[in-house]
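Numbering (the UniProt record's numbering) for the sequence shown: 1 to 110.
Here's the structure, in structure tokens; my notes come after.
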Amino acid sequence: MLLAEKRCIPCHGEVSALTRKDVENHLKQVQGWSLSDNASHIHRKFIFPDFKTALTFANHVGELAEEAGHHPEICFGWGYAKVEIWTHKVGGLHENDFILAAQIDALEEV
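As structure tokens, then:
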């Protein structure tokens, strides 16, 4: 099943963060996303033609995140939006992070 077709599963902290190998395998499925220097977050910068489009995108990401119960860091300005994702309760990356990234990527195609 593709990541974008999955749903985030509530994480209560009793699971471990993904291993580096698992992270690298998941990263292959979300093109354009990068791993942070300490390998605990993924991030991506999206480029848009103007402020309004970036704002609309940021709002859509916020709505998607709220629906999933998984809340990324979103920073935007004229012509760009940056999204950073990690699972706070595990102190690193979980499959949910990659599911949300894939769903965000699907927003860009709309």
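Ideal placement from N, C-alpha and C gives every residue a C-beta, glycine not left out.
Residue interval of the beta strand (DSSP E) (run including residue i)
i   : result
H43 : I42 to I47
Proximity to residue i [Cα-Cα], best of the options
i           : options          : result
F48         : A39, K82 and W33 : K82
N38         : Q29, K45 and A17 : A17
A65         : K28, V30 and I99 : I99
residue 114 : H26, D50 and H60 : With the chain covering only 1 through 110, there is no way to say anything about residue 114.
Pairwise C-alpha distance: residue j and residue i
i           : j    : result
A101        : E63  : 14 Å
E14         : K89  : 8 Å
residue 117 : G32  : The structure shown has nothing for residue 117, since the chain only spans 1 to 110.
S34         : I85  : 10 Å
Q29         : A106 : 12 Å
G79         : H41  : 23 Å
L27         : C75  : 21 Å
G77         : F46  : 11 Å
D50         : E67  : 26 Å
N25         : S36  : 15 Å
Delimiting residues of the alpha helix (DSSP H) encompassing residue i
i   : result
V83 : Here V83 belongs to no alpha helix (DSSP H); instead the beta strand (DSSP E) covers Y80 to I85.
**Item:** Cβ pair count under 8 Å reaching 3, the region 84 to 98 against the region 48 to 64
**Value:** no
- Message: Three or more C-beta pairs under 8 Å: does that hold for the region 66 to 84 against the region 18 to 26?
- Response: no
Original post:
Can you list the beta strand (DSSP E) stretches of 3 or more residues lying completely in the region 20 to 73, in chain order?
Top reply: 42 to 47
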